[in-house]
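Asks:
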Amino acid sequence: MTHLSNYGNDRLGLYTFKNLISFVQCWTSLKLQTLPPVQLAQKYFQLFPEEKDPVWQDPCEDKRHKDIWSKEKTCDRLPKLLIIGPQKSGTTALYLFLTMHLDVTSNSPNPNSFEELQFFNGPNYHKGIDWYMDFFPVPSNTSSDFFFEKSANYFDSEVAPKRAVALLPKAKIITILINPADRAYSWYQHQRAHDDPVALKYSFYEVITARGDTVPKLRSLRNRCLIPGWYATHIERWLNHYHANQILVLDGHLLRTEPAATMEKVQKFLGLRNIADYHKLLIFDLKKGFWCQLLDGNKSKCLGKSKGRRYPEMDSD
């Protein structure tokens with residue numbers, strides 16, 4: 001069998017299968033059976049249920065795939081950067097700052113999830129790569145245009161790294177980390193601000209100390225507070241799929257207090273040709289209490305009222 005043509009790398013599929021079956025019939029006592037295509041597929045996925053979900057790969061990585069792809073499509077529409085989260089760490093601020101760079105473009109908004117596409121971590125993945133690429137424009141200059149997307153739920157998703165590296169093997173990855181206790185408390189207060197009945201009913205301490213056998217909604221809130229803060233676990237998962245030099249871990253506190261210096265670090269990591277001076281693009285807004293986009297007339301454009309809220313101090317317990 002080692003001398004038969006490799007089906008994955010040539011056009012001799014029928015020849016290979018025919019001769020392989022003849023070989024098995026001749027030299028083994030195995031009895032070969034088959035089924036109609038639909039029944040055969042059902043049987044296969046019964047044996048290998050983990051393979052039910054597709055894995056979209058970059059169609060331009062293999063010349064044979066690219067040759068049969070529509071000439072009207074281009075892989076240049078795929079993003080070169082993923083901001084993966086976690087939530088409540090400053091990802092929306094980084095998103096805003098990056099869009100201020102003339103060479104950097106984010107995806108168009110998803111009507112169901114605002115600026116986030118949430119492609120690699122949920123049901124949107126089954127809509128396919130055409131659905132995904134339609135959120136990005138056709139680049140006017142493939143050498144300088146830089147596309148990115150931000151979906152803060154990617155960070156702690158078990159499936160997102162595997163799916164992302166299959167489609168975007170050369171992408172850069174940015175995650176922003178803050179004190180996990182602060183992140184958990186911020187998420188809890190975020191849910192209270194959105195009138196989550198569970199967050200309104202229970203204190204932060206009661207939420208994070210809830211037992212595993214508690215009511216499902218309380219357990220769900222506890223998990224969303226705590227699980228994204230398991231930084232080592234989630235970063236290790238991403239490192240299992242992307243090389244360390246493709247991943248940048250940012251200090252969320254420095255992004256908030258020294259955004260210009262942080263953005264210089266980000267631009268160098270991304271390899272942007274034109275380095276923007278964010279000292280000239282940002283202004284500190286005394287009313288909001290953080291850095292915002294500088295507009296003409298020394299005015300500022302800040303994130304919405306849901307960002308940068310001031311919460312009551314966390315209990316010492």
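Numbering (the working numbering), first residue to last: 1 to 317.
Every residue, glycine too, gets a C-beta built ideally from N, C-alpha and C.
Every value quoted in this text rests on a predicted model; they were computed, and no experiment measured them.
1) Using 10 angstroms around the beta-carbon of Q118, count the other beta-carbons present and answer buried if the total reaches 16, otherwise exposed.
2) Let me know the secondary structure DSSP gives E149 once reduced to three states.
3) What residue range is occupied by the uninterrupted beta strand (DSSP E) comprising T214?
4) Is the segment 180 to 188 in contact with the segment 143 to 154, if contact means three or more CB pairs nearer than 8 Å?
5) Is W187 buried or exposed, if buried means 16 or more other CB atoms sit within 10 Å of its CB?
6) Taking the alpha helix (DSSP H) that Q189 belongs to, which residues open and close that run?
7) Closest to K280 by C-alpha separation, out of K268, P259, D195, would be which residue?
8) According to DSSP, K172 sits in a beta bridge with which residue or residues?
9) Give me the Cα-Cα distance between R224 and T74, rounded to the nearest whole angstrom.
10) Name the DSSP bridge partner or partners of V104?
11) Could you check which residue in C26, L78, S203 has the C-alpha nearest to that of S108?
12) Which residues mark the beginning and the end of the beta strand (DSSP E) in which Q293 is found?
13) By a C-beta neighbour count over all protein chains shown, 10 Å radius and 16 as the cutoff for buried, is Q39 buried or exposed?
14) How would you call L4, buried or exposed, if buried means at least 16 neighbouring beta carbons within 10 angstroms?
15) How long is the line joining the alpha carbons of Y154 and V24, rounded to whole angstroms?
16) For F136 and I84, what's the separation of their Cα atoms in angstroms?
17) To which residues of the same chain is D53 closer than 6 Å at the C-beta, ignoring the five residues directly before and after it?
18) Assess, as a yes-or-no matter, whether the segment 157 to 172 is touched by the segment 236 to 243 under the definition of 3 or more beta carbon pairs within less than 8 Å.
19) Kindly give me the distance between the Cβ atoms of V249 and L218, rounded to whole angstroms, as I take these residues to be in contact under 8 Å.
20) Is the CB of A276 under 9 Å away from at least one CB in chain B?
21) What separation, rounded to the nearest whole angstrom, lies between the Cα atoms of Q57 and E116?
22) Please classify L4: does DSSP put it in a helix, a strand, or coil?
23) Determine, using beta-carbon pairs with one atom in the segment 93 to 106 and one in the segment 263 to 279, whether at least three such pairs fall under 8 Å.
24) Classify Q267: buried if its beta carbon has 16 or more other beta carbons within 10 angstroms, exposed otherwise.
25) What residue does the alpha helix (DSSP H) around L96 start on, and which one ends it?
26) Leaving out five residues on either side along the sequence, give the residues of the same chain with a beta carbon under 7 Å from the beta carbon of G252.
27) Tell me the DSSP secondary structure of S300 in three-state form.
28) What residue range does the alpha helix (DSSP H) around I235 cover?
29) Using 8 Å for Cβ pairs, my map puts L98 next to F148. What's the rounded Cβ distance?
30) Exposed or buried, what is T2 when buried is set at 16 or more other beta-carbons lying within 10 Å of its beta-carbon?
31) Write down the C-beta distance between L270 and T262 rounded to the nearest angstrom, noting that I regard them as a contact closer than 8 Å.
32) Work out the CA separation of E50 and K43 for me, nearest whole Å.
33) CB-CB under 7 Å to Q191, same chain, minus the five flanking residues each way: which ones, in chain order?
Replies: With the structure as the only source:
1) Mapped onto the sequence shown, residue 118 falls at position 118. It is buried - the Cβ of Q118 has at least 16 other Cβ atoms within 10 Å.
2) Translated into the one-based positions of the sequence shown, residue 149 becomes position 149. Reduced to three states, the DSSP call for E149 is strand.
3) Position 214 of the sequence shown holds residue 214. Neither: T214 is in no beta strand (DSSP E) and is coded neither H nor E.
4) no
5) Numbered from its first residue, the sequence shown carries residue 187 at position 187. By the 10 Å Cβ count, W187 comes out buried.
6) By 1-based counting over the sequence shown, the position of residue 189 is 189. Taken as a continuous stretch (DSSP letters only), the alpha helix (DSSP H) holding Q189 covers 180 to 193.
7) Working through the sequence shown from its first residue, we reach residue 280 at position 280. Of the candidates K268, P259, D195, the one whose C-alpha sits nearest the C-alpha of K280 is P259.
8) Along the sequence shown, one-based indexing puts residue 172 at 172. K172 is bridged by DSSP to L81.
9) The residue you call residue 224 lines up with position 224 of the sequence shown. The residue you call residue 74 lines up with position 74 of the sequence shown. The alpha-carbon atoms of R224 and T74 are separated by roughly 37 Å.
10) Counting from one through the sequence shown, the residue named residue 104 turns up at place 104. In the DSSP output, where bridge partners are listed per residue, V104 has F146.
11) Along the sequence shown, one-based indexing puts residue 108 at 108. Comparing Cα-Cα distances from S108 to each of C26, L78, S203, the minimum goes to L78.
12) The count along the sequence shown starts at 1 and reaches residue 293 at position 293. Taken as a continuous stretch (DSSP letters only), the beta strand (DSSP E) holding Q293 covers 290 to 294.
13) As a first step, residue 39 must be located in the sequence shown, where it is residue number 39. By the 10 Å Cβ count, Q39 comes out exposed.
14) The sequence position of residue 4 within the sequence shown is 4, counting from 1. Interpretation of L4 is limited by its pLDDT of 49, a score under 50 that renders its predicted location unreliable; the figure taken from the coordinates is listed afterwards. Label assigned to L4: exposed.
15) Here residue 154 is taken as the residue at index 154 of the sequence shown, counted from 1. Here residue 24 is taken as the residue at index 24 of the sequence shown, counted from 1. The alpha-carbon atoms of Y154 and V24 are separated by roughly 45 Å.
16) Here residue 136 corresponds to residue number 136 of the sequence shown, with the count starting at 1. Here residue 84 corresponds to residue number 84 of the sequence shown, with the count starting at 1. Distance between the alpha carbons of F136 and I84 is about 18 Å.
17) Translated into positions along the sequence shown, residue 53 becomes position 53. Answer for D53: no residue qualifies.
18) With the cut-off at 8 Å, the segment 236 to 243 and the segment 157 to 172 touch.
19) As a working note, residue 249 is residue 249 in the sequence shown. As a working note, residue 218 is residue 218 in the sequence shown. 31 Å between Cβ atoms; not a contact.
20) Looking at the structure shown, chain B is missing, and only one protein chain is on hand.
21) Here the question's residue 57 lines up with position 57 in the sequence shown. Here the question's residue 116 lines up with position 116 in the sequence shown. Each residue's Cα considered, the two are about 21 Å apart.
22) Taking the sequence shown and counting its residues from 1, one reaches residue 4 at position 4. Confidence at L4 is low in this model, with a pLDDT of 49, below 50, so the placement of that residue should be treated as unreliable; the coordinate-derived value is given next. Residue state, collapsed to three classes: coil.
23) Three or more Cβ pairs drawn from the segment 93 to 106 and the segment 263 to 279 lie within less than 8 Å of each other, which places the two stretches in contact.
24) Counting from 1 along the sequence shown, the entry for residue 267 is found at position 267. By the neighbour-count rule (16 or more Cβ atoms within 10 Å), Q267 is buried.
25) Residue numbering aside, residue 96 sits at position 96 when the sequence shown is read from its first letter. It spans 91 to 99 - the alpha helix (DSSP H) in which L96 sits, taken as one unbroken run.
26) What you label residue 252 is simply residue 252 of the sequence shown in a count that begins at 1. S89, G90, I176, L177, I178, listed in sequence order.
27) Within the sequence shown, numbered from 1, the residue matching residue 300 stands at position 300. Residue state for S300 is assigned as strand, using DSSP reduced to three classes.
28) Numbered from 1 along the sequence shown, position 235 holds the residue referred to as residue 235. I235 -> alpha helix (DSSP H) spans 231 to 239.
29) Working through the sequence shown from its first residue, we reach residue 98 at position 98. Working through the sequence shown from its first residue, we reach residue 148 at position 148. Right, their Cβ atoms sit about 6 Å apart.
30) Translated into the one-based positions of the sequence shown, residue 2 becomes position 2. Residue placement at T2 is flagged as unreliable, the pLDDT there being 48, under the threshold of 50; a coordinate-derived value is accordingly withheld.
31) Stepping through the sequence shown from its first residue, residue 270 is reached at position 270. Stepping through the sequence shown from its first residue, residue 262 is reached at position 262. L270 to T262, Cβ: 13 Å. No contact.
32) In the sequence shown, counting from the first residue as 1, residue 43 sits at position 43. In the sequence shown, counting from the first residue as 1, residue 50 sits at position 50. Going from the Cα of K43 to the Cα of E50 covers about 13 Å.
33) Translated into the one-based positions of the sequence shown, residue 191 becomes position 191. Taken in chain order, the residues that qualify are A199, L221.
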